[in-house]
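Counting from 1, position 46 in the sequence shown corresponds to residue 605 in our numbering; the numbering is continuous, with no gaps.
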Amino acid sequence: MKKTTRWILVSLGVLLLLFLLVRMVKNKGGEGTKVTAEAVKRRTIIETVSASGKIYPETEIKVGSPVSGEVVQLLVQEGDTVAKGKVLARIQGEKNSAAQRVAVPNVPPGFKGLLQNMQQPRSASSSSATITAPIGGTVTALNIKQGERVGAMQMPGSELLRIADMNSIEVRVDVNENNIIKISIGDSADVEVEAYNKRKFKGVV
């Protein structure tokens, strides 16, 4: 066999072997992984920070009584929604006659009759107060019961109830010190509330 013929046969054998290897690779790998290409574009990357906290009303008013006395009528319960000006309670004030009986004996005899005449109208009457809602909202705290005695709002512990406007609320959250630098005033926020089945509310920092 000539040398030229031998090289032709070897070349054909190599080509046949390569062909068989290529077929085997294709059959084993299937269609392969499709890759899509996209042009380079400038985009905005939004970084988020997650934290948990508590909800507070933005406006909450403490309601007191201008007089000391007995709660003769209580017209609301905790959780009630009230309109501005609604009557919440009525207070029957204390009479002044007891204080006058103590004060009169200490006055010189010549002035007792004059002082008694001046104070007689006050001793026969008592002050009372009608407590109304200063704002519309929800009764979030109720510290009194009908029949109880209450002090005037100048006295410590004389808060009768609280009313909050729940239409405008604020969320106070504890943010990790590593994430606090990522937050700025004016950033938008999504608030999820468990009581509303994790419904999202929009907010602003």
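Quick reminder that beta carbons are idealized off the backbone N, C-alpha and C, glycines included. Note that the coordinates shown come from a computational prediction; the quantities given were computed from them, not determined experimentally.
ask   = Under the three-state reduction of DSSP, which class applies to A662: helix, strand or coil?
value = Confidence at A662 is low in this model, with a pLDDT of 48, below 50, so its placement is unreliable and the value that follows should be read with caution. DSSP places A662 in helix when its eight states are reduced to three.
task = Tell me whether G558 sits in a helix, a strand or coil according to DSSP, three-state version.
result = Residue 558 cannot be examined here, being either before or after the span of the chain that is shown, 560 to 764.
request  = Indicate the three-state DSSP secondary structure (helix, strand or coil) for G572 in the structure shown.
outcome  = helix
query = Taking all protein chains shown into account, do 16 or more other C-beta atoms lie within 10 angstroms of the C-beta of A610, making it buried, or fewer, making it exposed?
reply = An exposed status is given to A610, since fewer than 16 other beta-carbon atoms sit within 10 Å of its beta-carbon.
ask   = CA-CA distance, A598 and D746?
value = Straight-line spacing of the CA atoms in A598 and D746 works out to 31 Å.
request  = Compute the Euclidean distance between the alpha carbons of I690 and D724, then round it to the nearest angstrom.
outcome  = 18 Å
inquiry  = Given a cut-off of 8 Å on the beta-carbon distance, is the pair S686 and V626 in contact?
reply    = Yes, they are a contact pair.
inquiry  = Just to confirm before moving on: does the CB-CB distance between S743 and V730 stay below 8 Å?
reply    = No, the pair does not count as a contact, with Cβ atoms beyond the cut-off.
message = Going by C-alpha to C-alpha distance, which of V608, K613, G572 and T603 sits closest to N735?
response = V608
request  = Work out the CA separation of K761 and G638 for me, nearest whole Å.
outcome  = 25 Å
query = So E751 is in the beta strand (DSSP E); what residue range does that whole segment cover?
reply = S747 to V752
request  = Would you mind sorting L719 into buried or exposed? The rule is 16 or more other CB atoms within 10 Å of its CB.
outcome  = buried
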